[in-house]
Amino acid sequence: MSDFIDLAVKYLPRLFSAAFHYTLPLTILSFFFGLIFAVTTAIIRVAKAPQNEWADAALKILKGVAATYVWFFRSTPMLVQLFIVFYGLPNAHIALFQSAWVSAITVFSLNTGAYASESIRASISSVSEAQKQAAESLGMTTTQVYLYVVLPQAARISIPPLSNSLISLLKDTSLASVITIVEMFYLSQQIAATNYKVLSMYILVAMVYAFFTSILSIGQHYLEKYTSRFAQ
Numbered sequence: 001m002s003d004f005i006d007l008a009v010k011y012l013p014r015l016f017s018a019a020f021h022y023t024l025p026l027t028i029l030s031f032f033f034g035l036i037f038a039v040t041t042a043i044i045r046v047a048k049a050p051q052n053e054w055a056d057a058a059l060k061i062l063k064g065v066a067a068t069y070v071w072f073f074r075s076t077p078m079l080v081q082l083f084i085v086f087y088g089l090p091n092a093h094i095a096l097f098q099s100a101w102v103s104a105i106t107v108f109s110l111n112t113g114a115y116a117s118e119s120i121r122a123s124i125s126s127v128s129e130a131q132k133q134a135a136e137s138l139g140m141t142t143t144q145v146y147l148y149v150v151l152p153q154a155a156r157i158s159i160p161p162l163s164n165s166l167i168s169l170l171k172d173t174s175l176a177s178v179i180t181i182v183e184m185f186y187l188s189q190q191i192a193a194t195n196y197k198v199l200s201m202y203i204l205v206a207m208v209y210a211f212f213t214s215i216l217s218i219g220q221h222y223l224e225k226y227t228s229r230f231a232q
């Protein structure tokens, strides 16, 4: 037990440093861009067909692209996606994502966006048609209906699933170790390779992940409690 405490005192500061320099920035940036992908995809998939023939054809194409995007990223493991982007594309002379950081953020964002878009789509669909019709009867345009009536309610409803996506993303950043990003898990592997305390190092890094996910869970609880006031 004393050996484990000594290891914790020695290496926890380094693990937390890796968390603040790599894991948390990866999580925050990926979730931010993931939300953009998610909202855009969800709005496209719930959009109604316009009267204009060309606009209707364009919307059908966009819906097909959005559905394919969601299908692909929900149907394949994130680890495989990382390998395709970081190792596969350069090997095929497609030099789009040569940076490990860009590759990781791209994959994490697209993956998160695919899953989160389904949560947001369900939240948008849960807003009753009666409310939309009432807003339109007051003279609101379709854009105004979505901005002032639909999306605010959908945002409140989608807080629990989106919070779960954020927590999952924080843990999934450990996969960035396979493309040479020295985040918490990669650092724990490096340290374990030098001190041979494999189990102890993995327990320590698990404790650090649990610390940050617990903070996010508490934040989710208070955010839900705060927004529940507007459900009345």
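Residue numbering for the sequence shown follows full-length UniProt numbering, beginning at 1 and increasing consecutively. Beta carbons: idealized from backbone N, C-alpha and C, even for Gly.
query, result
"Comparing alpha-carbon positions, which option in Asn195, Ser17 and Phe32 lies nearest Val182?", "Ser17"
"To the nearest angstrom, how far is it from the Cα of Leu170 to the Cα of Ser200?", "21 Å"
"Give the list of continuous alpha helix (DSSP H) stretches no shorter than 4 residues that lie fully inside the segment 15 to 68.", "24 to 46"
"Tell me, please, whether the segment 27 to 38 touches the segment 90 to 109 by the rule of three or more beta-carbon pairs shorter than 8 Å.", "yes"
"Shortest alpha-carbon distance to Leu175 belongs to which of Gln144, Trp101 and Ser119?", "Trp101"
"Candidates Val9, Ala19 and Pro25: which alpha carbon is nearest Ala104's?", "Pro25"
"To the nearest angstrom, how far is the alpha carbon of Lys48 from that of Leu96?", "34 Å"
"By Cβ distance, which residues of its chain are closer than 8 Å to Thr213, with the 5 residues on each side in sequence left out?", "Ile167, Leu170 and Lys171"
"Taking C-alpha atoms, which residue in Gln144, Asn164, Ile191 and Ala58 lies nearest to Tyr115?", "Asn164"
"Does the beta-carbon of Met1 have 16 or more other beta-carbons within 10 angstroms, so that it is buried, or is it exposed?", "exposed"
"Is Leu187 closer than 8 Å to Leu29 when the C-beta atoms are compared?", "no"
"Would you mind stating whether residue 243 and Arg45 have Cβ atoms separated by less than 8 Å?", "The structure shown does not extend to residue 243, since the chain spans only 1 to 232, so no value can be given for it."
"Below 7 Å CB to CB, which residues in the same chain sit around Ile124 once its five sequence neighbours on both sides are set aside?", "Ala42, Val46, Val150 and Ala154"
"Going by the beta-carbon positions, is the gap between Ser117 and Val70 smaller than 8 Å?", "yes"
"Roughly how far, in whole angstroms, is the beta-carbon of Ile120 from the beta-carbon of Ala38, given that I think they are within contact range, below 8 Å?", "5 Å"
"Indicate whether Thr180 and Thr27 have their beta-carbon atoms separated by less than 8 Å.", "no"
"Should Tyr11 go down as buried or exposed, given a rule of 16 or more other Cβ atoms within 10 Å for buried?", "buried"
"Which of the three DSSP states, helix, strand or coil, is assigned to Ile218?", "helix"
"Is it right to say Thr23 is buried, meaning 16 or more other beta carbons lie within 10 angstroms of its own, or is it exposed?", "buried"
"Anyone know if the C-beta pair for Ala8 and Leu204 falls short of 8 Å?", "yes"
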